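**Student:** Note that the working numbering has the sequence shown beginning at 10, numbered continuously upward.
Where a beta carbon is used, it is the ideal one built from N, C-alpha and C, also for glycine.
Quick caveat, the model's predicted, so the values are computed rather than measured.
Please see the structure below; I have some questions.
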Amino acid sequence: MVISEQLKEQIEAGQYVPGERLPSEFDLGKAFNVSRTTIRRAIANLIQQGLVTTQQGKGIFVSDRHKISFSMSNPLMQFDLALKQQGYTGHVHSLRFQLTKAPAEVTRMLQLSHQETQVYWQEKIIYADECPIALDITYLPEAMGAALAKPLQEGFTYSALMMNGIDLNAAEVRLESVPATYELSEYLAVPLGMPLLVFSYVVYWGKCTPAACGKTLSRSDWTCYTSQIEVAQASDGGDHTP
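Structure below.
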């Protein structure tokens, strides 16, 4: 087992608690019988996973981290605002933004006509502070993607749309889970096969016009989805049959 995974297990088992200082690089090197260079690589991996932070001149400390929650009851909640409300700075890194032939399922979800054969396909990594927590894959109608190319590549999808006159007013969503592939494990700095949450969506504006469809694959160790459900109470009027 690599050093970073051993340290991660120790942190998750409570051997090191939030706010506690880890042993120095020298002491960790002695404990694991490896070089300081190897320890530095392991620490860098833990920082990328959001498990530890460094304080200049003081050392390495276990992060006091809580899961970031997103509401299923409000699926149009802007991702960046949800991060901000929970104390994180969100930003994105665009991996691709290109025209492509619309897959059949995308054509159906975006309600494209026979003449509309191409869509914009975007993939972007979402960060909470400096930790990659999700990969967002989005398809947009060609005209919309062309008009909003710059804001879509620089920001979060919902926010980019809404700040440029696309007032989202409805959504269809679904929540699933998949194991991380090799590519996803590289993008999100997670072990191969780790469970990822998959939030699939179609968002609408105007009179039920699809604006975008796609899915957000997020790290299950960093994120969760919540929903508030109210059960209607039966009225007391009249007799009730047991």
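If we call anything under 8 Å between Cβ atoms a contact, is Val61 one with Ser72?
**Tutor:** Locating residue 61 in the sequence shown gives position 52, where the first residue counts as 1. Locating residue 72 in the sequence shown gives position 63, where the first residue counts as 1. Closer than 8 Å, so yes.
**Student:** Which partner residues of Val128 appear in the DSSP bridge assignment?
**Tutor:** For the purposes of this step, residue 128 is taken as the residue at position 119 of the sequence shown. DSSP output for Val128 lists Thr109, Pro150 as bridge partner(s).
**Student:** Verify whether the separation of the beta carbon atoms of Leu226 and Leu193 is less than 8 Å.
**Tutor:** Numbered from 1 along the sequence shown, position 217 holds the residue referred to as residue 226. Numbered from 1 along the sequence shown, position 184 holds the residue referred to as residue 193. In this structure, Leu193 lies closer than 8 Å to Leu226 by Cβ.
**Student:** Identify, in the order they occur along the chain, each residue of the same chain with its Cβ nearer than 7 Å to the Cβ of Phe79, setting aside the five sequence neighbours on each side.
**Tutor:** As a working note, residue 79 is residue 70 in the sequence shown. Excluding positions up to five away in sequence, the list reads Met86, Ala91, Thr232, Tyr234.
**Student:** Report yes if the C-beta distance between Met118 and Val211 is below 8 Å; otherwise report no.
**Tutor:** Position 109 of the sequence shown, counted from the first residue, corresponds to residue 118. Position 202 of the sequence shown, counted from the first residue, corresponds to residue 211. By the CB criterion at 8 Å, Met118 and Val211 fall inside the cutoff.
**Student:** Quick check on this structure: which residue in Val187, Gln237, Asn178 has the alpha carbon closest to the alpha carbon of Ala220?
**Tutor:** For the purposes of this step, residue 220 is identified with residue 211 of the sequence shown, where counting begins at 1. Checking every option, the nearest Cα to that of Ala220 belongs to Asn178.
**Student:** For Thr190, count the other beta carbons within 10 Å of its own beta carbon; 16 or more makes it buried, fewer makes it exposed. Which is it?
**Tutor:** In the sequence shown, residue 190 corresponds to position 181, counting from 1. Its Cβ having fewer than 16 others within 10 Å, Thr190 is exposed.
**Student:** Phe79 bridges to which residues according to DSSP?
**Tutor:** Within the sequence shown, numbered from 1, the residue matching residue 79 stands at position 70. In DSSP, Phe79 forms a bridge with Tyr234.
**Student:** Given Leu55, which residues of its chain have a CB within under 7 Å of its CB, disregarding the five upstream and five downstream residues?
**Tutor:** As a position in the sequence shown, residue 55 is number 46, starting the count at 1. Cβ neighbours of Leu55 beyond the five flanking positions: Ser13, Leu16, Lys17, Val61.
**Student:** Between which two residues does the beta strand (DSSP E) holding Glu181 run?
**Tutor:** Residue mapping note: residue 181 aligns to position 172 of the sequence shown, counting from 1. Element bounds for Glu181: 177–188.
**Student:** The alpha helix (DSSP H) with Leu197 in it runs from where to where?
**Tutor:** To locate residue 197, count along the sequence shown from 1; it is residue 188. 191–197 is the span of the alpha helix (DSSP H), which, as asked, contains Leu197.
**Student:** Measuring only the C-alpha atoms, how far is Gly28 from Val128?
**Tutor:** By 1-based counting over the sequence shown, the position of residue 28 is 19. By 1-based counting over the sequence shown, the position of residue 128 is 119. A straight-line Cα-Cα distance of about 47 Å links Gly28 and Val128.
**Student:** Looking only at DSSP bridge pairs, what is Ala221 linked to?
**Tutor:** In the sequence shown, the residue the question calls residue 221 occupies position 212. Ala221 is bridged to Val212.
**Student:** Identify, in the order they occur along the chain, each residue of the same chain with its Cβ nearer than 6 Å to the Cβ of Leu37, setting aside the five sequence neighbours on each side.
**Tutor:** One-based indexing of the sequence shown puts residue 37 at position 28. Result list for Leu37: Ile48, in chain order.
**Student:** Would you report the Cα separation of Glu239 and Asp145, rounded to the nearest angstrom?
**Tutor:** Taking the sequence shown and counting its residues from 1, the one referred to as residue 239 is at position 230. Taking the sequence shown and counting its residues from 1, the one referred to as residue 145 is at position 136. Each residue's Cα considered, the two are about 30 Å apart.
**Student:** Can you give the beta carbon distance from Thr166 to Asp138, rounded, assuming they're within the 8 Å contact cut?
**Tutor:** Taking the sequence shown and counting its residues from 1, one reaches residue 166 at position 157. Taking the sequence shown and counting its residues from 1, one reaches residue 138 at position 129. About 20 Å; that fails the 8 Å criterion.
**Student:** Only counting runs of 3 or more residues, tell me where the beta strand (DSSP E) segments fall wholly within the segment 26–105, in order along the chain.
**Tutor:** 61–64, 68–71, 77–80
**Student:** Considering only residues of the same chain and omitting the five flanking positions on each side of Cys217, which have a CB-CB separation below 8 Å?
**Tutor:** Translated into the one-based positions of the sequence shown, residue 217 becomes position 208. Only Ala179 meet the Cβ criterion.
**Student:** Suppose the cutoff is 8 Å on Cβ atoms and the five residues either side in sequence are ignored; what does the same chain contact list for Val199 look like?
**Tutor:** As a position in the sequence shown, residue 199 is number 190, starting the count at 1. The answer, listed in chain order, is Gln58, Ala189, Leu193, Leu205, Arg228, Asp230.
**Student:** Since I believe Val187 is in contact with Val207 (beta carbons under 8 Å), could you give me their beta-carbon distance rounded to a whole number of angstroms?
**Tutor:** Residue mapping note: residue 207 aligns to position 198 of the sequence shown, counting from 1. Residue mapping note: residue 187 aligns to position 178 of the sequence shown, counting from 1. Going by Cβ atoms, the distance from Val207 to Val187 rounds to 6 Å, so yes, they are a contact pair.
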